[in-house]
Structures are given as structure tokens and as C-alpha cells.
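Take a look at the structure below.
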Amino acid sequence: MFRSIKLVKQETPASGSEAQPPSSPLEADEPPLSVSKLFRQKFYSEVTDAQWNDWHWHFRNRITTIEDISRFIPFSVKEQTRRKLVTARYPLAITPYYLSLMNLSDPNDPIRQQAIPCSLELADGNGREDPLEEGSHSVVPGLIHRYPDRVLMLLTDICPMLCRHCTRKREWRNGGWVHTSAGVERMLDYIRRTPQVRDVIISGGDPLTLSTRRLEEVLSALRAIKHVEIIRIGTRFPVVLPQRIDAELCAMLSKYGPIWLNTHFNHPNEITPEASAACDRLLRAGIQVNNQSVLLRGINDTVDTQLKLCHGLLKAKVRPYYLFQCDQVQGTEHLWTPVEVGLRIIEGMRGHTSGLAIPNYVIDLPDGRGKIPLSPNYILTRTDQELVVRNYEGHISHFANPIHTTPTRKAKAATTLPQLKLDWNDIEVKDENRARVRS
């Protein structure tokens, strides 16, 4: 039986705490890591390394009001008023760590745009509160069964940071909830009674806002269900608060594999030493890490940015898994891009980098119809006999369709394979680059 789960209490720093009002905007013409160091020196100089490396400290000291953020970005009174109207509908929460990655003097900074409320969020447009119709696929509260063999388990709506492009932005106004032990048990009971479910995705909110002990209760119960083969965890903690990925958490997760962790880097500036170290700790614990980024206007909607992002992910040993078209959620329309932008990005990457660095570009269809992959079209014409195709450089080739080719003679299959035994006396050096094996 699960213990009751309490809400995480948010504490706003009192006046006179470590974060002091700036006398002027932080100048940030240097790389992001230098900006982060300058930020901490300027605004959190009294915070010890032990505090800065403690995820609980960051969570307690999240920036949650326009007055809070105005200590770092000197908004005018008019700007503050406009942004307060936004937070009345869509709240604000940013960790000090993630704030430290921003160029505070640049309104177009890609980190800032993901975290700071914008008046465009209130624009009336074509967005919907729940475009994926998650509610209609909810089999018990908190459990979504859309695909035959997998379910989505929403344990909480609490996150360390409220991303302005969030798919579940509709949940923010609920004030923060966590499923009780009885609610979790109802989800588990459905999974036990549904043997076709082999894959469980744990999400939220962010499930890593739960304590390690409480999260282990859920994982232990899932692992006791024989037909559950794979567990996935969806979290943005490695990006917005990597201090959460500590030794205790990794040791616990390692007991319940195979576990895949899907995280959410959107821009290369987010791949910091702290974030890379968090991913490395997960990998050393046997937890594979995938990245699911979202295509966002003005943030990562260029080939160059996506190449830098995906190359940085691979260097951090993180697999670029999905590039999502931004869901058409109410309050996010200013971040949408045309689908053609995503297709051009994938085409601009193909052939210019390893296939390992190219994510699957997908749309999560409205009305809960699932994800579909999108790809540039390299087939120019197709007949029963051949395909006319182009490569990444635009060169045209003809490819005979093997289904309609007739072999000129039967191939004779070998029944035994010769054993090859070599020693150094069998090798004849041809030149400095090649050697031939004597038959």
C-alpha cells in the first residue's frame, strides 16, 4: 500500500535573502557558462556551493512572481502589469539554476523565451486547451491509454519550471496536485488487469518532483507486474535542475531496469557541464537517456541550432529521439512554426551529419490520434520497375525495384563456411597502407 503523497510546498525567498535587486542588467556577451558564473556572483554570491548543488534549495527558491523576476530583469511598470495579467492565467516558476543560463539583457534569448511569461500567451488564436484529447483517453484518473501496448501515468502536475510551451498548460491553474496512494493504486490495478500493456511512461508534471522513496514505491509496484517490460520516465530535471539527478536517485533507478529516461533539451545553451554530468550519472546507472525536443519559433527553428543541439546531445551520450512539432495548445501560438520549417531542418541535417544526430520529426495529431513521422520526400517518381530519387545534394539516381527483377541464374548457397586461420607469416605487405593475406 502506498503512503499518502503530500504536495511540495513552494517557498518564495523573503526580502533580504540571497537574491538582491540588480543595479543594472547583467551584461552577457560571453558564452552561456560564463554568463551563468557571472549570474551567480552577482545575484547569489552568499549561496554556498552545498546550497547551489542541492536541488531542494533550488526548488524552494524558485522565482514565481513578476516581482521576483523583476529583481533580475528590470521590467518597467507597464511591462510588469502586462506580465502579471499573463501569470494570472498561466503561472510562473523558474529555478535559479535555469535562470542563471539566461542572457538577461536579451529579450530574444532562447532560454528566457522558454521561461519568462509573454503577453502573446493571452492572444486569442486557434489553440485548444487539450488538443491531444488526453481526457477522452483517460481510463482512470491520471492514466491515459491511447496506444494498444502502452499507457501514460501522470503522477503529479508539479514541475520545477513551467515551460511556456507546455502541452499540459491547462493544468497550471489547478495549483499543484499529486495523486494519492489510492489514486496510484487505481492506475496500477488497471495495468494489472490489462495484459497487453507492456510499456509504462511515467510523466506529469514532472514525476521527479516526488521524493526518491515515493517514486520507488511506484516503480517497485510496476516491476511486480509481469507483463510490464519497459518503464519510461519523462522529466525535464536534467535540463532545468540537474542537481536532482543525484547518487541516491540513480542507485534507486538502477534496481528497476530496463528504464528509459526521456528528457527535453531544446537549445544547445542548455547542455551545460551540470546537465551533461547528470546524464552521465544516469547512463552509469544503466538508465538510457533520450531527448525529445520541441520545435519553437525563434528558439531552435534553424538548421544550425538543431545541428549544434544534436551534436551536443551526442557528446553528452544522449540520443536525439524526437523533434516535435509544437502542440497547438492555447497560450503557445506565438511559438508555433509552419511544418515546412521542420521539414527544411531535417533536410538540412540529412547528409551533413551522422544519422545518429537526426531526430524523428513528428506531429502529435489533434483529437488523440497519435504521433506521425514527417520526412522530406526523396522519391521523385515511382513505378513498378524503378524509383527515381534524389540525394541530399540534389543528385538524381535511378534505383531498380528488386521486387520486379529476375535473377539470371540461381545462386548456389554454401553449406559450409571455410575457417580462416591467420598468422603473421600469411600477411604480405603491399605498401604502407595495405596488406594482402596469402591464400
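Using my numbering, you'd call the opening residue of the sequence shown number 790 and step up by one each time. Idealized CB from N, CA, C, for every residue including glycine.
Let me check one thing: in DSSP terms, what residues is residue i bridge-paired to?
i	result
Ala1189	Glu1175
Phe864	The partner list for Phe864 (beta bridge, DSSP) is empty, contrary to what the question assumes.
Phe1113	Val1083 and Val1151
Ile883	Ile852
Ile1088	Answer is none; Ile1088 lacks a bridge partner.
Val989	Val940 and Ile1020
Pro1162	Val1151
Trp1049	Arg1021 and Gln1077
Arg1170	Correcting the residue identity first, residue 1170 is Thr in this sequence and not Arg. Answer is Val1177, bridged to Thr1170.
Thr1142	Arg1139
Thr945	Val967
Ser927	Ile933
Val1118	Arg917
Arg1108	Asn1079
Hey, residue i and residue j are a contact pair by Cβ (cut 8 Å); roughly how many whole angstroms apart?
i	j	result
Arg1124	Cys1115	Checking the sequence, you will find Leu at residue 1124 rather than Arg. Leu1124 to Cys1115, Cβ: 6 Å. Contact.
His1056	Ile1088	6 Å
Val1177	Ile1134	Rounded, the Cβ-Cβ distance is 25 Å, inconsistent with contact.
Val1017	Val989	6 Å
Leu1112	Ser1082	5 Å
Arg1230	Ser908	Because the chain spans 790 through 1228 in this model, residue 1230 falls outside it and cannot be assessed.
Ile905	Leu890	Not a contact, Cβ separation roughly 12 Å.
Arg917	Val1118	7 Å
Met1041	Glu1005	5 Å
Trp1049	Ile1019	7 Å
What do you get for residue i, buried or exposed, if any count of 16 or more other CB atoms within 10 angstroms of its CB means buried?
i	result
Gly1159	exposed
Pro810	In this predicted model, Pro810 has a pLDDT of only 33, less than 50, meaning its place in the structure is not dependable; the value taken from the coordinates is given anyway. Result: exposed.
Ile1161	exposed
Pro814	The predicted model places Pro814 with a pLDDT of 38, which falls under 50 and marks its position as unreliable; any figure quoted below should be read in that light. Classification of Pro814: exposed, given that the 10 Å Cβ count is below 16.
Phe1188	exposed
Tyr886	buried
Pro1148	buried
Ile1168	exposed
Gly805	A caution first: Gly805 carries a pLDDT of 36, below 50, which makes its placement in the model too unreliable to give a value.
Tyr1073	First, the residue type needs correcting, since residue 1073 is Arg and not Tyr in the sequence shown. Flag for Arg1073 reads exposed.
Ala839	exposed
Leu1008	buried
Ala971	exposed
Ser1143	exposed
Pro984	exposed
Arg1223	exposed
Ser812	The predicted position of Ser812 is uncertain, since its pLDDT is 33 and thus under 50; a value taken from the coordinates is nonetheless stated next. Counting Cβ neighbours within 10 Å, Ser812 comes out exposed, since fewer than 16 surround it.
Pro1109	buried
Thr1170	exposed
Pro1238	Outside the modelled stretch of the chain, which goes from 790 to 1228, sits residue 1238, for which no answer is possible.
Asn1080	buried
Val1128	exposed
Glu835	exposed
Arg982	exposed
Gly993	buried
His845	exposed
Ser825	buried
Glu800	Its pLDDT being 39, under 50, Glu800 is placed unreliably by the model, and nothing is read from it.
Val866	exposed
Are the CB atoms of residue j and residue i within a distance shorter than 8 Å?
i	j	result
Tyr1181	Ser1164	no
Arg1070	Cys1039	yes
Leu951	Ala882	yes
Leu921	Met976	no
Lys958	Tyr1045	no
Val940	Val986	yes
Glu1059	Asn915	no
Ile991	Arg953	no
Val1029	Thr853	no
Glu910	Gly1120	yes
Asp995	Pro949	yes
Cys1068	Ala1105	yes
Val1130	Val1107	no
Asn1096	Met1138	Sequence check: residue 1096 is Leu here, not Asn. Yes.
Gln1032	Asp857	no
Thr998	Thr945	yes
Thr837	Ile855	no
Measure from the C-beta of residue i to each C-beta in chain B and report whether the shortest distance is under 8 Å.
i	result
Gly965	The structure shown has no chain B; it contains just one protein chain.
Does the distance between the C-beta of residue i and the nearest non-hydrogen atom of the ligand ADP fall short of 7 Å?
i	result
Val1118	Absence of the ligand ADP from the depicted structure is noted, as is the absence of any ligand whatsoever, leaving it without description.
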